[in-house]
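Scroll down for the structure; my scribbles are underneath it.
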Amino acid sequence: MADGSEVALRDLAEYLADDMAACNRAIVERMDSPVALIPQLAAHLVAAGGKRLRPLLTLASARLCGYRPDATHQRHVALAACVEFIHTATLLHDDVVDESSLRRGMASANAVFGNKASVLVGDFLFARSFQLMTDDGSLKVMNILSSASATIAEGEVLQMSTQNDLSTQIDQYLEVIHGKTAALFAAACRVGAVVANREGAEEHALESYGTNLGMAFQLVDDALDYAADQAHLGKTVGDDFREGKITLPVLAAYAAGSEEDRAFWHRVIEESEQRPEDLDHALRLIEQTGAIRITLDRATEYATAAREALAIFPPSRLRQLLQDTASYTVNRLR
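Under the working numbering, the first residue of the sequence shown is numbered 203, with each subsequent residue one higher.
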């Protein structure tokens with residue numbers, strides 16, 4: 203049975219079905235290349251599916267702001283494709299850095315095609331995204347999306363610098379997830395307002411919505427790594443644990459743990475000395491200390507802020523769908 207978050211996203215996608223179909227066509231067209239490996243790897247990515255949440259946010263934001271496309275002006279569609287290319291490029295690079303073998307329940311691109319191909323096709327997708335930005339012709343749009351691309355890279359580098367470091371402060375962790383996830387959510391929403399020429403309060407409201415939604419989304423993702431089954435998660439459970447990533451569930455469990463518990467976390471995270479049974483023990487400590495609840499409570503605060511940011515817009519079916527998406531983001535683990 204689909205959970206609340208899946209239902210909310212399905213309803214949003216159905217509401218924007220025509221726009222999303224046009225976006226998917228644009229994605230397929232722009233992934234084409236005479237270099238055979240590029241469309242082959244692209245086809246693997248398309249087959250893996252994905253929620254397409256970020257491009258949906260661009261399409262929804264433009265429509266919420268009253269954007270009316272015609273046969274020759276489909277700026278919101280092209281920019282939604284651009285957002286998806288930025289996101290997919292970062293996933294390709296992240297899976298290489300993290301040595302991931304699964305992505306959305308399928309073998310990751312690097313596992314199938316190798317690291318070199320994944321990095322280079324990721325570069326290709328970044329290049330395509332910048333072509334779409336320049337085609338749009340708006341310096342403001344280019345500034346928003348290029349700045350978000352830089353922030354994503356900074357977030358990933360910051361995450362690497364905090365890896366295996368249990369002295370990381372929660373504010374540092376929140377800065378990491380803002381960079382690696384929330385910044386693109388915010389940019390995806392902002393450009394929707396910009397193409398609709400609503401560059402005042404509505405733009406800021408949508409940026410706030412996207413930022414808070416992205417923060418909630420990543421917090422729940424980090425919780426899922428310690429609280430989901432592999433089939434539900436779409437990647438190997440415990441990846442963050444094995445890689446020594448510092449996430450809120452770990453920080454919360456470490457802070458609430460006994461001296462013996464802390465010694466365990468030091469060994470498995472800081473010293474990277476892990477035994478086959480350690481993941482199960484980590485999961486028990488996460489559960490005993492209420493670390494998942496702490497993480498979800500923080501995610502709920504961000505989801506509430508996202509919903510409230512949309513109060514500036516008059517009531518509508520689309521506003522409700524976006525608010526539902528924020529509400530149900532945290533329900534993936536409720």
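Virtual Cβ for every residue (Gly too), placed ideally from N, Cα, C.
Review point. Can you tell which of Met335, Asp480 and Ala418 has its C-alpha closest to the C-alpha of His278?
Key: Of Met335, Asp480 and Ala418, the residue nearest in Cα terms is Met335.
Practice item. With DSSP as the reference, label Ala513 as helix, strand or coil. Key: If DSSP states are grouped into helix, strand and coil, Ala513 belongs with the helices.
**Study point:** For Ala429, the three-state DSSP class (helix, strand or coil)
**Key:** coil
Practice item. Could you name each continuous alpha helix (DSSP H) segment of 4 residues or more that falls completely within the segment 383–423, going from the start of the chain to the end? Key: 385–397
Check your understanding: DSSP three-state call for Ala309: helix, strand or coil?
Key -> strand
Practice item. Label Arg254 either buried or exposed according to how many other C-beta atoms from any shown protein chain fall within 10 Å of its C-beta, with 16 as the threshold for buried. Key: buried
Point to revise | Whole-angstrom C-beta distance between Phe419 and Thr531, which should lie under 8 angstroms | key: 5 angstroms between Cβ atoms; contact.
Check your understanding: If you draw a straight line from the C-alpha of Asp234 to the C-alpha of Arg270, how long is it?
Key -> 28 angstroms
Practice item. Hey, could you find the ends of the alpha helix (DSSP H) Asp463 is sitting in? Key: Glu461 to Trp467
Check your understanding: Quick check: the segment 488–497 against the segment 397–405, are there 3 or more CB pairs under 8 angstroms?
Key -> Touching, no, given that fewer than three Cβ pairs across the two stretches are closer than 8 angstroms.
Review point. Relative to the alpha-carbon of Gly416, which residue among Thr383, Val397, Val393 and Ser410 has its alpha-carbon at the smallest distance?
Key: Thr383
Practice item. Please classify Met203: does DSSP put it in a helix, a strand, or coil? Key: Only weak support is given to the placement of Met203: the predicted model assigns it a pLDDT of 35, under 50, and the value that follows is read from those uncertain coordinates. Looking at Met203 - three-state DSSP - the assignment turns out to be coil, as it is neither helix nor strand.
Practice item. Identify which residue in Leu239, Leu376, His295 and Ala385 has its Cα closest to the Cα of Ile346. Key: Ala385
Review point. Taking C-beta to C-beta, are Cys267 and Ala395 nearer than 8 angstroms?
Key: yes
**Study point:** Per-residue DSSP class, three states only, for Ser474
**Key:** coil
Review point. So, using beta-carbon positions, are Leu341 and Tyr428 closer together than 8 angstroms?
Key: In this structure, Leu341 lies away from Tyr428, with their beta-carbon atoms at least 8 angstroms apart.
**Study point:** Contacting residues, own chain, Cβ-Cβ under 7 angstroms from Gln374 (five flanking each side not counted)
**Key:** Thr364
Point to revise | Buried versus exposed call for Ala264 [16 or more other C-beta atoms within 10 Å across all chains shown] | key: It is buried - the Cβ of Ala264 has at least 16 other Cβ atoms within 10 Å.
Review point. Which same chain residues, not among the five before or five after Arg400, have their C-beta less than 6 angstroms away from its C-beta?
Key: Cys267
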